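J.: Handing you this structure, nothing more for now.
Numbering (the working numbering), first residue to last: 9 to 381.
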């Protein structure tokens with residue numbers, strides 16, 4: 009009986025390696041029928057169930073492995089993986105730590121534990137785990153990137169630069185990463201190096217309006233660029249990213265010149281900060297007979313200031329999850345007379361939506377004191 013189960017076990021893992029998880033599942037079940045306490049067969053069963061997208065059944069199989077062999081680090085690792093995927097980070101942490109108690113140099117557990125600790129906002133512990141993983145296996149670009157970003161989050165900007173620099177060299181097409189690297193260079197007093205990093209990224213991804221907007225922001229911090237040069241780059245942004253949109257704006261409603269004007273406000277800045285501080289007095293002391301404000305919030309963040317903003321306007325529209333076409337359709341349905349952009353080229357802007365001509369009149373105000381291009 010044991011030799012039959014062993015032969016089935018070998019067949020099951022061969023099928024699993026060949027990508028035939030369905031047949032492997034049948035073979036592992038046959039092996040367990042022959043020998044119910046065969047740990048390797050139950051482990052293979054769990055792996056096959058994972059491949060078959062049956063995470064609940066897979067977790068049960070790996071739990072049964074631990075019932076038979078409590079110190080089986082492979083079962084702990086797989087349970088950690090399943091818990092991480094379903095978002096149960098505390099359970100995942102417990103299983104990864106169990107692996108590391110037995111296998112302290114197990115790089116996947118070190119790396120995954122570091123990543124979930126970041127999600128749990130335990131940055132110091134996360135950095136320690138990720139650095140341990142990287143010391144054992146330096147060929148981990150994602151880990152290097154995460155360490156760099158985590159170090160930024162803890163204020164260790166100079167320490168983060170070597171990690172980010174190498175991560176950018178390994179993933180030069182990652183616009184988010186390049187932008188983070190550029191911002192750290194700026195924060196450490198190297199605006200021209202930050203600008204050079206973004207220009208290099210734009211050579212590879214010239215159709216990224218976000219990267220190009222970030223470049224425009226950074227130009228204002230360098231003494232190497234004149235006002236004319238900065239203006240010319242703004243014009244290039246418009247030519248590169250929005251020139252293909254039609255120029256026709258919605259027709260203004262002039263039937264009743266004394267009617268209440270409908271004014272749209274668009275910003276990602278809906279929590280405590282300069283933009284709400286300037287906006288709130290205007291909104292809270294307006295004449296509601298003359299002005300109706302519709303607020304388009306391009307952020308899901310909220311605090312006490314958000315509640316005041318929401319109370320001070322007539323209608324509140326969360327738009328962070330809307331693409332530009334859907335956002336434009338919402339604005340037109342709201343019959344906006346004047347649309348005001350409150351972000352310019354700062355992060356979280358919706359300039360590509362404004363390029364679709366959202367309202368008869370559009371203007372930009374606050375937060376970005378320069379042209380949009």
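The beta carbon of each residue, even a glycine, is placed where N, CA and C say it ideally should be. All values reported here derive from a predicted model rather than from experimental measurement.
Three-state secondary structure (DSSP) at residue 369?
T.: strand
J.: Looking at the secondary structure, which residues open and close the beta strand (DSSP E) in which residue 233 lies?
T.: Counted as a single uninterrupted DSSP element, the stretch harbouring residue 233 is not any beta strand (DSSP E), since DSSP gives it neither H nor E.
J.: Give the range of the beta strand (DSSP E) segment to which residue 193 is assigned.
T.: Here residue 193 belongs to no beta strand (DSSP E); instead the alpha helix (DSSP H) covers 183-195.
J.: Would you kindly check if the distance between the Cβ of residue 218 and the Cβ of residue 227 is under 8 angstroms?
T.: no
J.: Going by other Cβ atoms of all chains shown within 10 Å of its Cβ, with 16 needed for buried, is residue 269 buried or exposed?
T.: exposed
J.: Would you check if there are 3 or more beta carbon pairs closer than 8 angstroms linking the segment 202-221 to the segment 327-342?
T.: no
J.: Report the option in 21, 75 and 76 whose CA atom is closest to the CA atom of residue 57.
T.: 21
J.: Residue ranges of each alpha helix (DSSP H) run of no fewer than 4 residues wholly in the segment 295-368, ordered along the chain?
T.: The qualifying runs are 312-320, 332-341 and 359-362.
J.: Opposite residue 269 in the DSSP bridges: which residues?
T.: 299
J.: Using the rule of at least 16 other Cβ atoms within 10 Å of the residue's Cβ for burial, across every protein chain shown, is residue 132 buried or exposed?
T.: exposed
J.: For the alpha helix (DSSP H) containing residue 179, name the first residue and the last one.
T.: Counting along the chain, residue 179 falls outside any alpha helix (DSSP H), and DSSP gives it neither H nor E.
J.: Determine whether the Cβ of residue 200 lies closer than 8 angstroms to any Cβ atom of chain C.
T.: Absent from the structure: chain C. Only one protein chain is present.
J.: Taking the beta carbon of residue 152 as the centre, do at least 16 other beta carbons fall within 10 Å, making it buried, or is it exposed?
T.: buried
J.: Taking the C-alpha atoms as reference points, what is the distance between residue 360 and residue 332?
T.: Within the model, the alpha-carbon separation for residue 360 versus residue 332 is close to 7 angstroms.
J.: Taking a contact to mean a Cβ-Cβ separation below 8 angstroms, would you say residue 278 touches residue 375 in this structure?
T.: Between residue 278 and residue 375, the C-beta spacing is not below 8 angstroms.
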